[in-house]
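Data first, discussion second: the structure below is written as C-alpha cells.
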Amino acid sequence: MGKPCSLLLCPALLFFFLLVPMALSFQYREPYNQPNKYEGSSELVNLVYHMGPVLASPIKLYIIWYGQWNPYHQAIIRDFLHSLSSPPSSSNPSVSDWWRTVRLYTDQTGANITANFFLSGEHSDPGYSHGKYLTRLMIQSVIKSSVWTHQNALPLDPHNGLYLVLTSPDVAVEDFCRAVCGFHYFTFPAIVGVTVPYAWVGHSGTQCPGMCAYPFAWPKYTGGGRDKNRGDVLNPPNGDVGTDGMVSVIAHELAEISSNPLVNAWYAGDDPTAPTEIADLCMGVYGSGAGGGYVGKVYTDSRRRAYNVYGVKGRRFLVQWVWDTSRNRCFGPNAID
Ligand SMILES: *[C@@H]1O[C@H](CO)[C@@H](O)[C@H](O)[C@H]1NC(C)=O
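Sequence positions in the sequence shown follow mature numbering (1 follows the signal peptide of the UniProt record, and there is no 0) and run -25 to -1, 1 to 312.
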C-alpha cells in the first residue's frame, strides 16, 4: 500500500525484511506487514496434514500467572477462556462460534478437535521465581515449578492438560517484542517429567503494544494514531490494550496448539522447524475484507471499542480469524459473506 519505497528508506519494509526471517517457528509473529493476508480463497496455501494427533479429548486448561498481575486483567482472560466452550448466548456470534472453524480439523483417527475446554487450575508466581527475563526454554522450568511446588501446585496432567504461561507486563522473554508475541510447543520429559502441550503469551502493554496488541496500537514508526492508509487505531473492547491484545494472541495459540500440538499435524510449508499454522495464515484478519493493514469488517460501539465475538458475562472480544479447511480461506463467525 502507499508509495513504493526502497529497502533502506522505508522503515516498514526494513522492519519486515529484518524481522520476519528471524521469526522462529510455531509462534505468533507480528501481524503488521505480513506479505499475505489470505482473506480470499487462495490456491497458494498448501496446508498439509502430517499424520500426528490433534487435541481431540476435552482439554483441561491450567494457567500460570507469572509475575505481578492486575486482577482486572486476569478476569478478562479468564472470561475469554470460559467463553471457548460455553453454549452460544443470546448475543451472536460467540467465541464458541469462532472455535467451530478450529473444530473442522481432524487427525488420522477421524477425531475432530475438541469443543470442550475446562479452566481446571491456576497457579500464581508473583515472586518471579525464575527472574524477570525468561529464555524460551525457561518457560518449561516455570511450568515445572508450578507442578512441583509446595504451594498451590498444579496437577501434572499428560492426558488432557494444556498449560498456559502468561507473563506480566514487566517480564521480558527471549524474542518477545522483537520477533514473537507468543508461541506454543510441548514440554520435554527431562525438564517437566512428561510431554504435554503448552503455550506462552506475554502482556505487551508497556513493552511493545504496537507490535503485540495490534490493532489496538500501531508500531511506533507509523507515527501512531490516525492514518488514512492504514485505518484507525481501535479501542480495546475490555479497556486494556495489552490484555485485549493478549486475548487474540491466546486465541491464535490455542487454535494452533489444538491443530498441531506436537508439531506434526496441520501446517503449511516444507520446513517442520518453521511451520505455517492455521492461525499464521490469517494474521491481522478479523473480519471480511481484511488486508493491507485493514482489520476487516468488525463491530464497534459508540466509543470505538472494537470486537467481533461475544463471550460470557456480556464480554466482547476481538479475535483474529483462522484458516477454514472446508472453505479454503480465512474465516470467522462475523463474516458477512
Ligand atoms: C469434523 O471435521 C469434518 C472434516 O473437516 C467436518 O466435516 C465436520 O463438520 C467436523 N465436525 C465438527 C463437529 O466440527
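Glycine included, C-beta positions come from ideal geometry on N, C-alpha and C.
Nearest to I114 by alpha-carbon distance, out of W40, S65, T81, is W40. A distance criterion of 7 Å places the beta-carbon of N87 in contact range of ligand 1, judged by its closest non-hydrogen atom. The alpha-carbon separation between G42 and F92 amounts to approximately 25 Å. Two segments are said to touch when three or more pairs of C-beta atoms, one from each, lie closer than 8 Å; by this definition the region 238 to 251 does not touch the region 166 to 178. Counting only unbroken stretches of 4 or more residues, the alpha helix (DSSP H) elements lying wholly within the region 41 to 108 are 46 to 58, 70 to 78, in sequence order. Ranked by Cα distance from Y37, the options T275, S95, N213, G266 are led by S95. V77 and S234 have their C-alpha atoms roughly 8 Å apart.
I39 carries a strand assignment under DSSP once its states are collapsed to helix, strand and coil. Counting along the chain, G266 sits inside no beta strand (DSSP E), nor does DSSP assign it H or E at all. Take N309, set aside five residues on each side of it, and the residues of its chain with a beta-carbon closer than 6 Å to its own are P68, G262, N283, in chain order. The closest heavy atom of ligand 1 lies 7 Å or more from the beta carbon of R304. V216 sits away from W193, with the two beta carbons spaced by 8 Å or more. The Cβ atoms of T81 and V146 do not sit closer than 8 Å to each other. In terms of Cα proximity to V70, the closest of T84, F55, W298, L129 is F55.
Secondary structure of H25 (DSSP, three-state): coil. Sequence-distant partners of P212 (beyond 5 residues in either direction) whose C-beta falls short of 8 Å from its own C-beta, in its chain, are D219, R280, A281, Y282, R290, R291, F292, L293.
H178 is bridged by DSSP to nothing; it lacks a bridge partner. Along the length of the region 254 to 299, whole beta strand (DSSP E) runs at least 3 residues long occupy 297 to 299, reported in chain order.
If the five residues before and after I51 are omitted, its C-beta is found closer than 8 Å to the C-beta atoms of N213, D215, T218, D219, V222, R290, all from its own chain and listed in chain order.
In this structure, ligand 1 has no non-hydrogen atom nearer than 7 Å to the beta-carbon of S95. Closest option to Q49, judged by alpha-carbon separation, among I166, H98, V20: H98. The alpha-carbon of Y274 is positioned some 20 Å away from that of H227. Every beta strand (DSSP E) of 3 residues or more that sits fully in the region 130 to 175 is shown, in chain order, as 136 to 142, 157 to 161. Under DSSP, W241 shares a beta bridge with Y24. Distances taken from the Cβ of S301 to the heavy atoms of ligand 1 include one shorter than 7 Å. Following the DSSP letters along the chain, one finds C187 inside the alpha helix (DSSP H) bounded by residues 184 to 187.
Scanning its chain for C-beta atoms nearer than 8 Å, with the 5 sequence neighbours on each side dropped, one finds no residue around Q126.
Here the alpha carbons of S277 and H134 stand approximately 45 Å from one another. In this structure, DSSP gives I311 a state outside helix and strand, which the three-state scheme calls coil. When the five nearest sequence neighbours on each side are left out, no beta carbon in the same chain lies closer than 6 Å to the beta carbon of R302.
For W123, the enclosing alpha helix (DSSP H) starts and ends at 113 to 123.
Counting other Cβ atoms within 10 Å of its Cβ, L141 reaches 16 or more and is therefore classed as buried. If you check the C-beta of L79 against ligand 1, you find a heavy atom less than 7 Å away.
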